[in-house]
Every structure is written in structure tokens, then in C-alpha cells.
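Participant: For what it's worth, this note's numbering labels the leading residue of the sequence shown as 29, then goes sequentially.
Glycine included, each C-beta is placed from N, C-alpha and C at the ideal position.
Take this structure first; my questions come after.
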Amino acid sequence: MTRTMKPLLVSALALSAGLALAAPGGQIGALPMGDFVCELPGDATGPAGVHQAEEDFTVVNATTYTNFEGRGSYLLTGTQVVMTSGPKQGEKYHRISANFLRKLAPDGSDSTLRCIRRVTNNR
Numbered sequence: 029m030t031r032t033m034k035p036l037l038v039s040a041l042a043l044s045a046g047l048a049l050a051a052p053g054g055q056i057g058a059l060p061m062g063d064f065v066c067e068l069p070g071d072a073t074g075p076a077g078v079h080q081a082e083e084d085f086t087v088v089n090a091t092t093y094t095n096f097e098g099r100g101s102y103l104l105t106g107t108q109v110v111m112t113s114g115p116k117q118g119e120k121y122h123r124i125s126a127n128f129l130r131k132l133a134p135d136g137s138d139s140t141l142r143c144i145r146r147v148t149n150n151r
């Protein structure tokens, strides 16, 4: 093997290893840490959203959430968040943006429940 071929071989192996590690549902990621406040849509005669406190949760690190019932783990792949253990085990969410999740209905469609991460301007 020549000296010029070695760097090419190393590059090709590194690239193929990266492709092999890709998750089937998309790239593995993490939600931003903080409180996710969940609500159902309101109407024109009242508030824009109706808080659903029992659905709220807090992301405490790259794989863990807590709520009033305890703590558990989640997995973010692509745009889907799956609660893999704990009190919300089995629940799934569609990640619309970094701070906005939509809970998935049993058939996999977006439900009306939305969870928004609290930031400075929405407390």
C-alpha cells in the first residue's frame, strides 16, 4: 500500500463507520434542559392555551426527564421523542422545534396537546 492510499483508506473507513452508527429513526439528539409546560388549545373567548399540569415535565439532562410522579428516560431520534422509562413510558412526541413538542396520538398523528419549553419571555 502506498503512502497516498493510506489516508484515503482511513478516510473511507471513518466515513463508513459513521454511516453504520446512524439511528434508523434519524440522528440521535437531546432536548434542551428545562421545563416543558403542556396545554390544549384555547379559543377566541379565553386564553390561547389551557394548561394541562399533569402532562408537564422537566428535562434534566441529555436523557432524563422528571415530573410530579418521578423520573424516567427519553430518546430523541430525528423529530420523534419517545419516553422510554418512568411515569411517561411509551408516550411519544413530534418535535416541531427545539422548544415545541406535539404529543402523538395512538395512531401516530399529531394530537392537540402541545408542550412548550419555558424560556425567559414566556414565564
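1. Threshold first: 3 residues or longer. Then list the beta strand (DSSP E) segments lying entirely within the segment 80 to 143, N to C.
2. When the Cα of residue 82 is compared with those of 73, 66, 88, which residue comes out closest?
3. Since residue 60 is in the beta strand (DSSP E), which residue starts that stretch and which ends it?
4. Excluding the 5 residues flanking residue 113 on each side, which residues of the same chain have their C-beta closer than 8 Å to its C-beta?
5. Have a look at residue 119 and residue 103 and give me their C-alpha separation to the nearest angstrom.
6. Would you mind stating whether residue 124 and residue 140 have Cβ atoms separated by less than 9 Å?
7. Looking only at its own chain, which residues have a Cβ that is under 8 Å from the Cβ of residue 55, when we skip the five neighbours before and after it?
8. For residue 109 versus residue 59, is the C-beta distance shorter than 9 Å?
9. When the Cα atoms are used, what is the spatial distance from residue 137 to residue 148?
Facilitator: On the basis of the coordinates in this document:
1. 85 to 87, 92 to 95, 98 to 105, 108 to 111, 120 to 125, 128 to 132
2. On the sequence shown, position 54 is the one that residue 82 refers to. Comparing Cα-Cα distances from residue 82 to each of 73, 66, 88, the minimum goes to 66.
3. The residue labelled residue 60 in the question sits at position 32 within the sequence shown. Element bounds for residue 60: n/a, residue is neither H nor E.
4. Translated into positions along the sequence shown, residue 113 becomes position 85. Closer than 8 Å at the Cβ level, and outside the excluded window around residue 113, lie 100, 101.
5. Here residue 119 is taken as the residue at index 91 of the sequence shown, counted from 1. Here residue 103 is taken as the residue at index 75 of the sequence shown, counted from 1. If I take the Cα positions, the gap works out to 11 Å.
6. The sequence position of residue 124 within the sequence shown is 96, counting from 1. The sequence position of residue 140 within the sequence shown is 112, counting from 1. No, the Cβ-Cβ distance between residue 124 and residue 140 is not below 9 Å.
7. Along the sequence shown, one-based indexing puts residue 55 at 27. 105, 106.
8. For the purposes of this step, residue 109 is taken as the residue at position 81 of the sequence shown. For the purposes of this step, residue 59 is taken as the residue at position 31 of the sequence shown. Going by C-beta atoms, residue 109 is nearer than 9 Å to residue 59.
9. Looking up residue 137 in the sequence shown gives position 109. Looking up residue 148 in the sequence shown gives position 120. Rounded to whole angstroms, residue 137 to residue 148 spans 30 Å at the Cα level.
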